[in-house]
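*Asks:* Just so you know, the sequence shown maps onto residues 191 to 528 in the working numbering. Below you'll find the structure I mean.
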Amino acid sequence: MSAVFPPFDLADRSILLTGGTGSFGHAFVARALAAERPPRRLVIFSRDEMKQWEMSQRFAPESHPAVRYFIGDVRDRERLESAMRGIDTVIHAAAMKHVPAAEYNPFECIRTNVIGAENVVQAAMRSGVERVLALSTDKAANPINLYGASKLASDKIFVAANNLSGREGCHFSVVRYGNVLGSRGSVIPFFRKRIAGGATTLPITHPEMTRFWITLEQGVDFVLSCLGLMHGGEIFVPKLPSMRIVDLARAMAPALGHEVVGIRPGEKLHEVMIPLGDARNTVELADRYVIQPSLAFWSRDPDLPGEVRPVDPEFEYASNSNDHWLTPDELLAMIETA
């Protein structure tokens with residue numbers, strides 16, 4: 191998957207990245223600073239001072255004057271407002287993402303993922319921010335765990351925020367994609383650790399389990415292109431390849447056997463990024479789908495570039511019914527980049 195549409199022009203922009211010390215934040219900052227016309231200011235907003243210190247060893251303000259590190263929590267609206275002074279673009283990546291942790295600590299999940307989303311919206315409108323793009327997850331489509339349900343609520347908050355900001359105010363949109371190869375908590379580092387430790391088998395949750403796959407670089411490409419396309423209210427979904435988990439295990443360790451350990455609580459057999467119920471509001475572009483809001487503010491002529499086609503009313507975008515599957519060689523090439 192590669193973005194067909196050009197990236198958002200970062201030149202002279204002041205950008206705030208919530209949850210900026212995560213895997214996406216590292217990749218985005220590297221891309222932004224390497225751009226021919228980098229942003230004027232790039233603020234990393236997160237609550238973990240150790241991760242900020244570690245990130246500052248890679249992107250030191252002395253070497254990269256545009257970079258600022260701002261300790262704060264999306265649960266704290268006043269702190270967000272302070273961080274957003276003079277900011278025109280916000281990428282909201284902060285979230286509580288660990289499914290079992292969210293199930294065990296539901297109040298903490300809601301405070302970060304739902305109340306935090308409301309705080310980002312209110313702070314952006316009060317601070318004169320021009321656009322906010324929130325990162326979501328496939329688990330927000332037909333959610334079966336609290337993490338997914340909280341991100342669905344977050345998506346709804348960002349879409350509906352356009353009703354509050356008005357046509358001339360801040361624009362809010364959402365990006366939804368699946369598993370990121372090599373990111374913290376993903377299966378590839380887990381398998382690598384097992385293989386390096388001399389394991390004789392790899393644990394497989396289910397032999398039929400499928401997933402969408404995207405690399406960090408592709409995720410950054412997609413976010414940058416969506417920043418340029420967004421009008422406010424869209425949920426952007428990239429066209430991604432699928433792969434069976436068992437095929438991933440075979441590609442990484444052909445000689446090892448597999449131990450079926452069962453699907454964990456709150457885990458799906460297959461991923462869905464566009465459920466059947468959203469098909470009537472979804473259009474297809476060359477490299478992505480766009481779920482358009484049904485709210486009154488939305489114009490049915492959003493001036494999207496290229497050929498725009500409504501999807502079939504029975505359309506569902508799921509990893510097991512995808513028409514693009516990675517071959518073992520393609521998967522190995524992606525693993526090398528992870």
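Don't be surprised by glycine CBs; every beta carbon is placed ideally from N, CA and C.
1) Based on DSSP bridge pairs, tell me the residues matched to A447.
2) Is the beta carbon of S511 closer than 8 angstroms to that of R401?
3) Nearest to M240 by alpha carbon, out of P229, S432, G212 and E449?
4) Smallest Cα separation from V498: which of I435, Y367, M524 and R478?
5) Tell me where the alpha helix (DSSP H) around E504 begins and ends.
6) Out of E308, D468 and P197, state which residue places its alpha-carbon closest to the alpha-carbon of F218.
7) With distances taken Cα to Cα, identify the nearest neighbour of L417 among V365, N369, E298 and P296.
8) With a floor of 3 residues, list each beta strand (DSSP E) that falls wholly inside the stretch 191-257, ordered by position along the chain.
9) Pair every Cβ in the stretch 421-432 with every Cβ in the stretch 298-318, then say whether three or more of these pairs are closer than 8 angstroms.
10) Looking at C-beta atoms only, is the number of pairs between the stretch 389-408 and the stretch 434-442 that lie closer than 8 angstroms three or more?
11) Beta-carbon within less than 7 angstroms of S317's beta-carbon, same chain only, minus the 5 sequence neighbours each way: which residues are those?
12) Among A292, S204 and M442, which has the Cα closest to the Cα of R382?
13) Mind checking whether I205 and L232 have CB atoms under 8 angstroms apart?
14) How many Å lie between N332 and R265 at the Cα?
15) Taking M463 as the reference, which of R221, F260, G368 and R248 has the closest Cα?
*Replies:* According to the data block:
1) Position 257 of the sequence shown, counting from 1, holds the residue named residue 447. The sequence given here places Gly at residue 447; Ala does not occur at that position. Note: G447 sits in a beta bridge opposite T391.
2) Along the sequence shown, one-based indexing puts residue 401 at 211. Along the sequence shown, one-based indexing puts residue 511 at 321. Not a contact, by the Cβ cut-off of 8 angstroms.
3) Mapped onto the sequence shown, residue 240 falls at position 50. The shortest C-alpha separation from M240 is found at G212.
4) As a first step, residue 498 is located in the sequence shown; it is residue number 308 there, counting from the start. Measuring from the Cα of V498, the nearest candidate turns out to be R478.
5) As a first step, residue 504 must be located in the sequence shown, where it is residue number 314. Element bounds for E504: n/a, residue is neither H nor E.
6) As a working mapping, residue 218 is identified with position 28 in the sequence shown. Of the candidates E308, D468 and P197, the one whose C-alpha sits nearest the C-alpha of F218 is P197.
7) As a working mapping, residue 417 is identified with position 227 in the sequence shown. Minimum Cα distance to L417 is reached at V365.
8) 204-208 and 231-236
9) no
10) yes
11) Walking along the sequence shown from the start, residue 317 turns up at place 127. E271, M274, R275 and I277, listed in sequence order.
12) Along the sequence shown, read from residue 1 onward, the residue named residue 382 stands at position 192. Answer by Cα proximity: M442.
13) Locating residue 205 in the sequence shown gives position 15, counting from the first residue. Locating residue 232 in the sequence shown gives position 42, counting from the first residue. Yes, the Cβ-Cβ distance between I205 and L232 is below 8 angstroms.
14) The residue you call residue 332 lines up with position 142 of the sequence shown. The residue you call residue 265 lines up with position 75 of the sequence shown. Distance between the alpha carbons of N332 and R265 is about 26 angstroms.
15) By one-based count along the sequence shown, residue 463 stands at place 273. That would be G368, whose Cα lies nearest to the Cα of M463.
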